[in-house]
Amino acid sequence: MNNFKEPKEFSGGEAIFVLIKRLILLNPGTYPNHPLMGVGLVKNWRFREMDDVLPIKQAIQDQIETYLPEYSINNIDVVKKSNNELSITIEVNNVIFRMETTKDDDIKLSEL
Numbered sequence: 428m429n430n431f432k433e434p435k436e437f438s439g440g441e442a443i444f445v446l447i448k449r450l451i452l453l454n455p456g457t458y459p460n461h462p463l464m465g466v467g468l469v470k471n472w473r474f475r476e477m478d479d480v481l482p483i484k485q486a487i488q489d490q491i492e493t494y495l496p497e498y499s500i501n502n503i504d505v506v507k508k509s510n511n512e513l514s515i516t517i518e519v520n521n522v523i524f525r526m527e528t529t530k531d532d533d534i535k536l537s538e539l
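Residue numbers 428 to 539, in this note's numbering, belong to the letters of the sequence shown in order.
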């Protein structure tokens with residue numbers, strides 16, 4: 428909502444960021460017409476012990492290529508930090524987006 432209590436409209440890099448963020452957080456099965464849509468970061472990966480983050484990276488890349496094919500992925504980097512916290516950096520159309528999880532299981536999103 429904007430300052431006038433109207434739905435906020437996004438454009439440019441901010442709009443791309445919102446689409447990617449929603450795709451990463453969306454649980455598969457949420458939309459019956461597209462049952463495989465969504466990475467389900469919280470539901471599918473929250474309590475897993477992760478020695479290898481490649482499956483998360485691959486899931487994000489597959490989802491963007493399938494459901495947001497109009498955007499060109501330049502790079503996806505998933506780094507495991509302490510206590511199973513993740514730092515996800517995605518470069519799309521030469522714009523860098525970063526998502527970080529915290530030990531409190533909150534997800535903080537920011538655009539670089």
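All C-beta atoms, glycine included, are put in the ideal place defined by N, C-alpha and C.
Query, Result
"Which partner residues of Lys507 appear in the DSSP bridge assignment?", "Leu513"
"In whole angstroms, give me the CA-to-CA distance for Ile517 and Arg525.", "6 angstroms"
"For Asn521, which of Lys508, Tyr498, Pro434 has the nearest alpha-carbon?", "Tyr498"
"Where does Gly439 fall in DSSP's three states?", "helix"
"Given this structure, state the Cα-to-Cα distance separating Pro462 from Asp489, to the nearest angstrom.", "14 angstroms"
"For Gly467 and Phe437, I'd like the C-alpha separation in whole angstroms.", "23 angstroms"
"Consult DSSP for Thr493 and reduce its assignment to one of helix, strand or coil.", "helix"
"Distance, Cα to Cα, Val519 vs Lys507?", "21 angstroms"
"Can you list, in chain order, the residues of its chain whose CB lies under 8 angstroms from that of Asn501, leaving out five sequence neighbours each side?", "Glu518, Val519, Asn520, Asn521"
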